[in-house]
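Colleague:
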Amino acid sequence: MVAGWAEQEDHELLARIQDGSHEAFAALVQRHAERFYRLAYRYLQNKEAAEDIVQDAFIKLWENPGIWQPERNTKFTTWFYRVLINLCLDWRKKKRPLTLDDELSLPDEGEALDATLIREQEQKMLEKEIAVLPERQRLAVNLCFDEGLSNQEAAEVMGLRLKALQSLLMRAKATLKERIKASR
Amino acid sequence: MSDPQDQKLDAMLRSRRFEPASPDLAARIVLQARSTPQNQTITLTQWMKRLFAEFHLPQPVYVCACILIFGFVIGFNSRLETPTTDDADTTDVQSFLYADEDSL
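Chains A and B supply the protein sequences, listed in that same order. Numbering of the first sequence is given in this note's numbering, commencing with residue 5 and proceeding in unit increments. Numbering of the second sequence is given in this note's numbering, commencing with residue 16 and proceeding in unit increments.
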């Protein structure tokens, strides 16, 4: 019997999963489901789809635990982000293009503009602008700002060099600043 | 160098809200896995590792086996170089015959 599944490293849990351990799988899912859901949600802007994709990804891992190969020296989370992104891309190809609700205009002049309301509107506008960024720029923004990955980790997930990722981020931020400024 | 606009954008990007996942998401995944069988498709390297793990023996056994194999190899090689008993008999007979001729 193995004590303290929660204390085990990801690669140790994965080795157990390859031996068919449901407990190790449960520990891995409980540890990471939320963070992977967040990325899928950012990508798809759809709660149900994001949950389904995270579920599919984990079940695929359970069904074929051999797809994770520790000798490749990739961190589990980096590898699983890639799996998830591919599933999101497939989903996006099959489904209609991303649409956000239309309530994104700024409030009328006469309306009382308190700080919270302005902030809320700005957030909505930002979401709208992020949604129309090119695919790779959006992913770079999501990984670095939302997931809190370092630039190096995000570059690994995206299969890019660090410089290329930094360039994507710079362009994304420049575009966002420009568009937000223009829409005011 | 970052201007206040950059800083504001960074702050906004870091504080984006999202719809939280259902609280039972992890439980649902675990439950589905319980009713899903695993495909034991393994790579060649994994298969090799498992095979060697199956035949794992203590180190002295490997040493003994190596010595045994080494012994067999030396044994088979040296056997070809030693004269056989048949060769020895023919020499003796020939020398006997020659000896008889001399006496005659």
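Glycine is no exception: its CB is placed at the ideal position from the N, C-alpha and C atoms.
Which same chain residues, not among the five before or five after A/Leu-17, have their C-beta less than 6 Å away from its C-beta?
Modeller: Result list for A/Leu-17: Ala-28, Ala-31 and Leu-32, in chain order.
Colleague: Anything in the region 39-51 of chain A with a Cβ closer than 7 Å to a Cβ of chain B? List those residues in chain order, please.
Modeller: Tyr-41, Arg-42, Tyr-45, Arg-46 and Lys-51
Colleague: Residues of chain B with a CB under 8 Å from the CB of A/Ala-37: which are they?
Modeller: Ala-36, Leu-40, Ala-41 and Ile-44
Colleague: Classify A/Asn-146 as buried or exposed, calling it buried when 16 or more other Cβ atoms lie within 10 Å of its own Cβ.
Modeller: A/Asn-146 counts as buried, since at least 16 other C-beta atoms from the protein chains shown sit within 10 angstroms of its C-beta.
Colleague: Could you tell me which of A/Ala-176, A/Ser-154 and A/Lys-167 sits nearest to A/Ala-135, measuring between CA atoms?
Modeller: A/Ala-176
Colleague: Below 8 Å on C-beta distance, what does A/Pro-69 contact in chain B?
Modeller: Gln-53
Colleague: Below 8 Å, can you find three or more Cβ-Cβ pairs linking the region 69-85 of chain A to the region 35-44 of chain A?
Modeller: yes
Colleague: So, under 8 Å CB-CB, A/Glu-67 and B/Asn-54 are touching, yes? Tell me the CB distance rounded to an integer number of Å.
Modeller: 5 Å
Colleague: Just to confirm before moving on: does the CB-CB distance between B/Leu-28 and A/Phe-80 stay below 9 Å?
Modeller: no
Colleague: Contact between the region 53-68 of chain A and the region 136-144 of chain A: three or more CB pairs below 8 Å?
Modeller: no
Colleague: May I ask which residues mark the beginning and end of the alpha helix (DSSP H) holding B/Trp-62?
Modeller: 59-69
Colleague: Should A/Glu-160 be labelled buried (16 or more other beta-carbon atoms within 10 Å of its own) or exposed?
Modeller: buried
Colleague: Considering Cα atoms alone, identify which of A/Ile-122, A/Leu-172 and A/Leu-48 is closest to A/Asp-94.
Modeller: Among A/Ile-122, A/Leu-172 and A/Leu-48, the Cα nearest to that of A/Asp-94 belongs to A/Leu-48.
Colleague: Over the uninterrupted alpha helix (DSSP H) stretch that includes A/Asn-155, give me the two end residues.
Modeller: For A/Asn-155, the uninterrupted alpha helix (DSSP H) run begins and ends at 155-162, by DSSP.
Colleague: Report yes if the C-beta distance between B/Ala-36 and A/Ile-63 is below 9 Å; otherwise report no.
Modeller: no
Colleague: Whole angstroms is fine: what's the gap from A/Met-174's alpha carbon to B/Asp-18's?
Modeller: 14 Å
Colleague: What does the Cβ neighbour count give for B/Leu-40, buried or exposed, with the cut at 16 atoms within 10 Å?
Modeller: buried
Colleague: I'd like the span of the alpha helix (DSSP H) that includes A/Asp-56, first residue to last.
Modeller: Run containing A/Asp-56: 51-67, per the alpha helix (DSSP H) assignment.
Colleague: Go ahead and pull the three-state DSSP assignment for A/Leu-180.
Modeller: helix
Colleague: Looking at C-alpha atoms only, which residue of A/Gln-125, A/Ala-158 and A/Ala-144 is the closest neighbour of A/Ser-187?
Modeller: A/Gln-125
Colleague: Quick check on DSSP: helix, strand or coil for A/Thr-78?
Modeller: Residue state, collapsed to three classes: coil.
Colleague: Taking the straight line between their C-alpha atoms, what separation do you get for A/Pro-69 and A/His-15?
Modeller: 12 Å
Colleague: Rounded to a whole number of angstroms, what is the C-alpha to C-alpha distance between B/Cys-81 and B/Arg-65?
Modeller: Note on geometry: alpha-carbon atoms of B/Cys-81 and B/Arg-65 lie some 23 Å from one another.
Colleague: What in chain B is Cβ-close to A/Arg-26, meaning under 7 Å?
Modeller: Per the sequence shown, residue 26 of chain A should be read as His rather than Arg. Near A/His-26 (Cβ distances below 7 Å), the residues of chain B are Ala-48 and Arg-49.
Colleague: Since I believe B/Ile-44 is in contact with A/Gln-59 (beta carbons under 8 Å), could you give me their beta-carbon distance rounded to a whole number of angstroms?
Modeller: Confirmed, about 5 Å.
Colleague: Rounded to whole angstroms, what is the Cα-Cα separation between B/Arg-31 and A/Glu-157?
Modeller: 21 Å
Colleague: Whole-angstrom Cβ separation of A/Ala-144 and A/Leu-180, contact assumed at under 8 Å?
Modeller: For a cut-off of 8 Å, the C-beta gap from A/Ala-144 to A/Leu-180 is around 12 Å, too long to register as a contact.
Colleague: Using a cut-off of 9 Å between C-beta atoms, extract the partners of A/Val-58 located in chain B.
Modeller: Those are Ala-36, Leu-40 and Ile-44, listed as they occur along chain B.
Colleague: Against A/Ala-33, what residues of chain B qualify as contacts under a CB-to-CB distance less than 9 Å, listed in chain order?
Modeller: Looking at the sequence itself, residue 33 of chain A is Val, so the reference to Ala does not match. Simply Leu-40, Ala-41, Ala-42, Ile-44, Val-45 and Ala-48.
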